[in-house]
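Undergrad: What follows is a single structure, and I will ask about it in a moment.
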Amino acid sequence: MLSKKVCMLGSLSVGKTSLVRRFIQSMFSDDYFTSIGVKVDKKMVRVKDEDVELVLWDIYGHDIFQKVQMSYLRGMSGYLLVVDGTRKQTLEDALALSERVAKEVGKVPAILALNKSDLIADWEIDSDREAKLTGDGWTVIHTSAKTGDAVEQAFSQLAHAMLQNK
Amino acid sequence: MTDSSLFEILLASQGHALFEHLGEGSFRPIGAYSDWCKRIWGEAAAVDAEPANTLRLAEAAPFLENFLVDAAAFWNSHTEGSLQSGNWIEHTSDGDEIPLEASAVSLDGKSLLIVRNLSHTFAEQQQLYQTARDSLLEHENLIREIQKKEILLHCIIHDLTQPLTAMTGCFDLLSAEVLSDRVAGFVLTGRKESQRQEQMIRGILQAFSADLSGQQSADGKAAEVPDIAAIAAQAAKSFSAAFSAHGVRLQLAPRLDPSRDWKVVGDASRMQRIFGNLLENAMRYTPRGKGVTVGVEDEGSRVLAFVDDEGPGLPPADVKESSARKLFALFAKGKDRPGKAGLGLYFCKVTVERWGGTIGAENRPQGGSRFWFRLPRAAAAAAQSSSVSASASAEKTVAPASQPEDAVAKRLAAGAEKSPVTRATQPMRILIAEDNEANRELMSELLKTRGHTVVDVGDWNEALAALKKQTFDVLLMDEEMPRMGGIETTRAIRSAEASSSSGKHLYIIGVTGNSTEDDEKRLLDAGMDAFFPKPVRMDTLFKAVESREGSKAKEISGLSPEVVPPSAAPAEDAATHLRRTTGGNEKLMRSLAKSFLSDAPRKFSALRNAITKQNADALGKTAHALKGALGIFGALKAVALARSLEKLGRDGSVQGAAEIFVSLEAEFVGLDQQLQALQPKSKPKTKPKAKPKSKSKPAPKRAVHSRRKS
């Protein structure tokens, strides 16, 4: 059985833990509890008739209080770069983080999850910006941990990309 | 109990589990194997593993597996101190989460791993981080709220400026009329004050134009169901005066059937603003004589509203959808004729989208552009319940704004038809021969406004050709034109008349920059019937042309009370002077200023060259031409300086010309600023030419330039 390490990366309060919880447990809570450590979960997915175990590393939000240790990314097969669509700064921070990742780990499959699509009316990231991200090579998926929209799709698409990259 | 055992018990009581690394990811617990370890990694691992009492922690915990890579390097390095793993969470077999932290330590040649259970302190630690991060998020939210309020402020400011367009249009219409001094003063004051208000509003906007982002907040109002067709019609009515002043036709789409149900989701007053913004935008980009059409179309569950113009269309770069959307971004402005603050289309976007609609812009196949927005139709029940209030709201919003505009427009229209004062009693066919484009345009426009038929040409050759083609009542001719001046041309015409049997006598009026007695004699001796001096003034021009029967040259000059020696003339800025001489025709004023500003650098450059090359003839001719142009704007000091240069040139000398030229340039700087102020803000600056390189004469030190800020 294949096992793939997937890291959840992004700023604080963008919804990394919520996405994992939605993906693993199909649950969501509106309460925000900040993550201060790393939590590892596993979930089996089926990709092209193959069972793949996703080992999800939910890494605390990168901010002025806690910097993400690059050693956590060792052995990572891919990552979900999570951005809060209602806070455009989280996109800039996420992109800066991804640059660090590329330097430390090299190029690995990644999906940019524009999260909180249930609040799209309040989004600060417009379609032009999104188009530029796509133009820069990012696979952008609108997700909502709250409603579950495209959460499975995001992980599934990443799994496919990781398998293609193996 | 040994010290070692005591130490192990102490560590265990503090939530520490101690392991010795045996290699290959295997560990031996030192001391008691804690209950919490069993809950995480299992009892069996501790009991059944081989060799006895051995754990394979790397396999049990992916986080530790990752850490052990770094730990192994640390152990092998025999470094003092410890290596921390950072916090991580492990799940127990019964579903609890236990926060842990691991440390790698080398002691007595042994590789030790200390795993610490953080349960007792984790809650406190998390609370600390939670508080700090909540504060960060609250700060972010606060900034966002402030930004939203700032944007709301911008929208309010934008609303305040929008009626100024209609006001300015009305004042322009009024200015185009011949008014009594008293009324002209009122119009002038009104226009000046409306401009001042716009400047103040711009000032406020600049003060607040920080780096804003985000979107205008929803105000929580319940959606109304206004009649979008009625609002489109009302908007067209409100803007009719402004469009008329710009010479642009504004019409409702012919297929618009007001009897149908056009109720959509939205708010009447804001919808009026959306139409207003789109119409204002279309007016700005549509050339004089072209049209703008506003209308709505049924699209089933939605209604399409549009404003079509016959302007140049969107630039190719903006036709692409992504770029078209940029037009609606905050502070986005068109490149050629930007509006006020770059908020109008942004307001449209955020408002339409809040109502569940879409907005866009595209080029029309037949030319021009279409700005459109789609709104969902109001549900029938909702429409019935609130249509009355929505209609009332529309009326309330629109009526007060439109009534005064309509009243002014009607009054002006009536005045234009009935006013005999503004029109010449006897329209004439007039030929103007003048090489100076600005002067030609000024005289032509003024005479046309007066009701005369005008043909204008730029030199003697064209003048003679025009005279062969048709009959004119009056020939207005510049004394100095390229190759053959007014005097020579007059002589040629008189000679032709003398040899003809028709007995016709063309009434020729000389327009001259020289008004001494000698000049007068020269002109009259050449066969001119009358003359008047530059700069051209409206009243003088009209009197000269319209009193031609039996008039004499001296009479025309004498009838011109405004013709006073420069030294005796009161100081007057260019705008005031132009307003007086053109009868307040703003379009003509701007046109004259534009022509002059585009031509002046060439003339100054020619003067420099003439001085540098000591070409007295060129100096005299160029100074003469410049003098005539400067006179149009009442720049008396500059005219006097140009005259001095002209005299030098005519006397065959350039001695002292460089110093005079420097003074002339300095005068031009002030004039340039005044004329730039008349121009639309997007116009390019007047660029000075390079300074001359003179070997024998000092080159002018100061370059002609514009200080206008765009």
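Chains A and B, in that order, give the protein sequences. Residue numbering for the first sequence follows my numbering, beginning at 361 and increasing consecutively. Residue numbering for the second sequence follows my numbering, beginning at 764 and increasing consecutively. Ideal Cβ placement from N, Cα and C applies to all residues, glycine included.
List the residues of chain B whose Cβ lies closer than 8 angstroms to the Cβ of GLY497 (chain A), in chain order.
TA: Here the question's residue 497 (chain A) lines up with position 137 in the first sequence. Under the 8 angstroms cutoff, chain B gives no residues; its nearest Cβ is about 17 angstroms from GLY497 (chain A).
Undergrad: Mind listing the chain A neighbours of VAL1115 (chain B)? Cutoff is C-beta to C-beta under 8 angstroms, in chain order.
TA: Mapped onto the second sequence, residue 1115 (chain B) falls at position 352. Chain A residues near VAL1115 (chain B): none, gap ~13 angstroms exceeds 8 angstroms.
Undergrad: Locate the alpha helix (DSSP H) running through ASN1372 (chain B), then write down its first and last residues.
TA: In the second sequence, residue 1372 (chain B) corresponds to position 609, counting from 1. Counting along the chain, the alpha helix (DSSP H) containing ASN1372 (chain B) begins and ends at 1349-1375.
Undergrad: Compute the Euclidean distance between the alpha carbons of PHE388 (chain A) and VAL1011 (chain B), then round it to the nearest angstrom.
TA: Looking up residue 388 (chain A) in the first sequence gives position 28. Looking up residue 1011 (chain B) in the second sequence gives position 248. About 58 angstroms.
Undergrad: Examine the Cβ distances between the segment 874-894 of chain B and the segment 772-785 of chain B and report whether three or more of them are shorter than 8 angstroms.
TA: With the cut-off at 8 angstroms, the segment 874-894 of chain B and the segment 772-785 of chain B touch.
Undergrad: If we ignore side chains and look at the alpha-carbon of each, how far apart do ALA1124 (chain B) and ARG1133 (chain B) end up?
TA: Numbered from 1 along the second sequence, position 361 holds the residue referred to as residue 1124 (chain B). Numbered from 1 along the second sequence, position 370 holds the residue referred to as residue 1133 (chain B). So the alpha carbons of these two residues sit roughly 6 angstroms apart.
Undergrad: What does a CB cutoff of less than 7 angstroms around GLY953 (chain B) pick up in its chain, not counting 5 residues either side in sequence?
TA: One-based indexing of the second sequence puts residue 953 (chain B) at position 190. Correct list, in chain order: PHE934.
Undergrad: Assuming GLY805 (chain B) is part of the alpha helix (DSSP H), what are its boundary residues?
TA: For the purposes of this step, residue 805 (chain B) is identified with residue 42 of the second sequence, where counting begins at 1. From DSSP, GLY805 (chain B) is part of no alpha helix (DSSP H); its letter is neither H nor E.
Undergrad: For GLY1123 (chain B), which of helix, strand or coil comes out of DSSP?
TA: For the purposes of this step, residue 1123 (chain B) is taken as residue 360 along the second sequence, with counting starting at 1. Three-state result, GLY1123 (chain B): strand.
Undergrad: My understanding is that ILE485 (chain A) touches LEU451 (chain A), with C-beta atoms under 8 angstroms, so please give their C-beta distance in whole angstroms.
TA: For this step, residue 485 (chain A) is matched to residue 125 along the first sequence. For this step, residue 451 (chain A) is matched to residue 91 along the first sequence. About 6 angstroms; that satisfies the 8 angstroms criterion.
Undergrad: In chain A, what lies closer than 8 angstroms to GLU903 (chain B) by C-beta?
TA: Within the second sequence, residue 903 (chain B) is the residue found at index 140, counting from 1. The answer, in chain order, is ARG447 and GLN449.
Undergrad: To the nearest angstrom, how far is it from the Cα of GLU459 (chain A) to the Cα of GLY466 (chain A)?
TA: Mapped onto the first sequence, residue 459 (chain A) falls at position 99. Mapped onto the first sequence, residue 466 (chain A) falls at position 106. Rounded to the nearest angstrom, the two C-alpha atoms are 10 angstroms apart.
Undergrad: Looking at C-beta atoms only, is the number of pairs between the segment 402-410 of chain A and the segment 490-510 of chain A that lie closer than 8 angstroms three or more?
TA: No: the two stretches stay apart, fewer than three of their Cβ pairs being nearer than 8 angstroms.
Undergrad: Answer yes or no: do LEU379 (chain A) and GLU413 (chain A) have a C-beta to C-beta separation smaller than 8 angstroms?
TA: Position 19 of the first sequence, counted from the first residue, corresponds to residue 379 (chain A). Position 53 of the first sequence, counted from the first residue, corresponds to residue 413 (chain A). The answer is no: Cβ separation not under 8 angstroms.
Undergrad: Check each candidate in B:GLN1437, B:VAL1057 and B:GLN1377 and name the one with the smallest Cα separation from HIS1340 (chain B).
TA: Here residue 1340 (chain B) refers to the residue found at position 577 when the second sequence is read from its first residue. It is B:GLN1437.
Undergrad: Can you list the residues of chain B that GLN513 (chain A) reaches, using a CB-CB cut of under 7 angstroms?
TA: Here residue 513 (chain A) is taken as the residue at index 153 of the first sequence, counted from 1. None at all; the shortest Cβ gap to chain B is about 24 angstroms.
Undergrad: So VAL1066 (chain B) packs on ILE991 (chain B), CB below 8 angstroms; how close in whole Å?
TA: Here residue 1066 (chain B) refers to the residue found at position 303 when the second sequence is read from its first residue. Here residue 991 (chain B) refers to the residue found at position 228 when the second sequence is read from its first residue. About 6 angstroms separates the two Cβ atoms, so the contact holds.
Undergrad: Looking at chain B, is there any beta carbon in it that lies within less than 8 angstroms of the beta carbon of GLY508 (chain A)?
TA: The residue labelled residue 508 (chain A) in the question sits at position 148 within the first sequence. Not closer than 8 angstroms to any Cβ of chain B, the Cβ of GLY508 (chain A) fails to qualify, so no.
Undergrad: State buried or exposed for GLU956 (chain B), treating a residue as buried only when at least 16 other CB atoms are found within 10 Å of its CB.
TA: The count along the second sequence starts at 1 and reaches residue 956 (chain B) at position 193. The residue in question, GLU956 (chain B), is exposed, as its Cβ has fewer than 16 Cβ neighbours within 10 Å.
Undergrad: Exposed or buried, which one is ALA1228 (chain B) when buried takes at least 16 other CB atoms within 10 Å?
TA: Start at 1 with the first residue of the second sequence, and residue 1228 (chain B) comes out as number 465. Under this definition ALA1228 (chain B) is an exposed residue.
Undergrad: Would LEU1205 (chain B) pass as a contact of ILE1395 (chain B) if the rule is Cβ separation under 8 angstroms?
TA: Along the second sequence, one-based indexing puts residue 1205 (chain B) at 442. Along the second sequence, one-based indexing puts residue 1395 (chain B) at 632. Yes. Within cutoff.
Undergrad: Report the neighbours of VAL415 (chain A) on chain B: residues whose CB is nearer than 8 angstroms to its CB, in chain order.
TA: Numbered from its first residue, the first sequence carries residue 415 (chain A) at position 55. Going along chain B in sequence order, the residues near VAL415 (chain A) (Cβ under 8 angstroms) are PRO825.
Undergrad: To be precise: take each residue of the segment 384-407 of chain A, compare its Cβ to all Cβ atoms of chain B, and keep it if any distance is under 9 angstroms. Which residues remain?
TA: Taking 9 angstroms as the Cβ-Cβ cut-off against chain B, the residues of the segment 384-407 of chain A that qualify are TYR392, PHE393, THR394, SER395, ILE396, GLY397, VAL398, LYS399, VAL400, ASP401 and LYS402.
Undergrad: Check each candidate in B:MET1034, B:GLY1058 and B:LEU1230 and name the one with the smallest Cα separation from ALA1115 (chain B).
TA: For the purposes of this step, residue 1115 (chain B) is taken as the residue at position 352 of the second sequence. The displayed chain sequence assigns Val, not Ala, to residue 1115 (chain B). Looking at the Cα atoms, B:MET1034 is the closest of the given residues.
Undergrad: From SER768 (chain B) to CYS800 (chain B), what distance separates their C-alpha atoms?
TA: What you label residue 768 (chain B) is simply residue 5 of the second sequence in a count that begins at 1. What you label residue 800 (chain B) is simply residue 37 of the second sequence in a count that begins at 1. One C-alpha to the other measures close to 19 angstroms.
Undergrad: Quick one: grab the DSSP three-state call for SER465 (chain A).
TA: Position 105 of the first sequence, counted from the first residue, corresponds to residue 465 (chain A). Just to set this straight, residue 465 (chain A) is Val in the shown sequence, not Ser. Helix.
Undergrad: Using a Cβ cut-off of 8 angstroms (strictly closer), state whether LEU915 (chain B) contacts chain A.
TA: For the purposes of this step, residue 915 (chain B) is taken as the residue at position 152 of the second sequence. No, its Cβ sits nowhere closer than 8 angstroms to a Cβ of chain A.
Undergrad: Decide if LEU724 (chain B) is buried, meaning its Cβ has at least 16 other Cβ atoms within 10 Å, or exposed.
TA: The structure shown does not extend to residue 724 (chain B), since chain B spans only 764 to 1473, so no value can be given for it.
Undergrad: For ARG896 (chain B), which residues in chain A fall below 8 angstroms Cβ to Cβ?
TA: Walking along the second sequence from the start, residue 896 (chain B) turns up at place 133. LEU372, SER373, THR394, GLY421, ASP423 and PHE425, listed in chain order.
Undergrad: Closest by CA to PHE1431 (chain B), which one among B:ASP1414, B:LEU1393, B:GLN997 and B:ARG1406?
TA: Along the second sequence, one-based indexing puts residue 1431 (chain B) at 668. Comparing Cα-Cα distances from PHE1431 (chain B) to each of B:ASP1414, B:LEU1393, B:GLN997 and B:ARG1406, the minimum goes to B:LEU1393.
Undergrad: Hey, LEU827 (chain B) and ALA775 (chain B): beta-carbon distance below 8 angstroms or not?
TA: Here residue 827 (chain B) corresponds to residue number 64 of the second sequence, with the count starting at 1. Here residue 775 (chain B) corresponds to residue number 12 of the second sequence, with the count starting at 1. Their beta carbons are not under 8 angstroms apart, which means LEU827 (chain B) does not touch ALA775 (chain B) by this criterion.
Undergrad: Tell me the DSSP secondary structure of SER780 (chain B) in three-state form.
TA: By one-based count along the second sequence, residue 780 (chain B) stands at place 17. Position check: residue 780 (chain B) holds Ala in this sequence, whereas Ser was assumed. Note: ALA780 (chain B) maps to strand in three-state DSSP.
Undergrad: When you compare each of B:MET1240, B:GLY1074 and B:ASN1199 to ALA1045 (chain B) by their alpha carbons, which one comes out closest?
TA: Mapped onto the second sequence, residue 1045 (chain B) falls at position 282. Nearest C-alpha to ALA1045 (chain B): B:GLY1074.
Undergrad: Could you give the distance in angstroms between the alpha-carbon of ARG1371 (chain B) and the alpha-carbon of ALA1420 (chain B)?
TA: Residue 1371 (chain B) sits at position 608 when you count from the first residue of the second sequence. Residue 1420 (chain B) sits at position 657 when you count from the first residue of the second sequence. When rounded, the distance between both Cα atoms is 9 angstroms.
Undergrad: Verify the CB distance criterion: does PRO1139 (chain B) have a CB-CB separation below 8 angstroms to chain A?
TA: Stepping through the second sequence from its first residue, residue 1139 (chain B) is reached at position 376. Closer than 8 angstroms: no.
Undergrad: Any idea if GLY1131 (chain B) is buried or exposed, counting beta-carbon neighbours within 10 angstroms, 16 or more meaning buried?
TA: Here the question's residue 1131 (chain B) lines up with position 368 in the second sequence. With 16 or more other Cβ atoms within 10 Å, it is buried.
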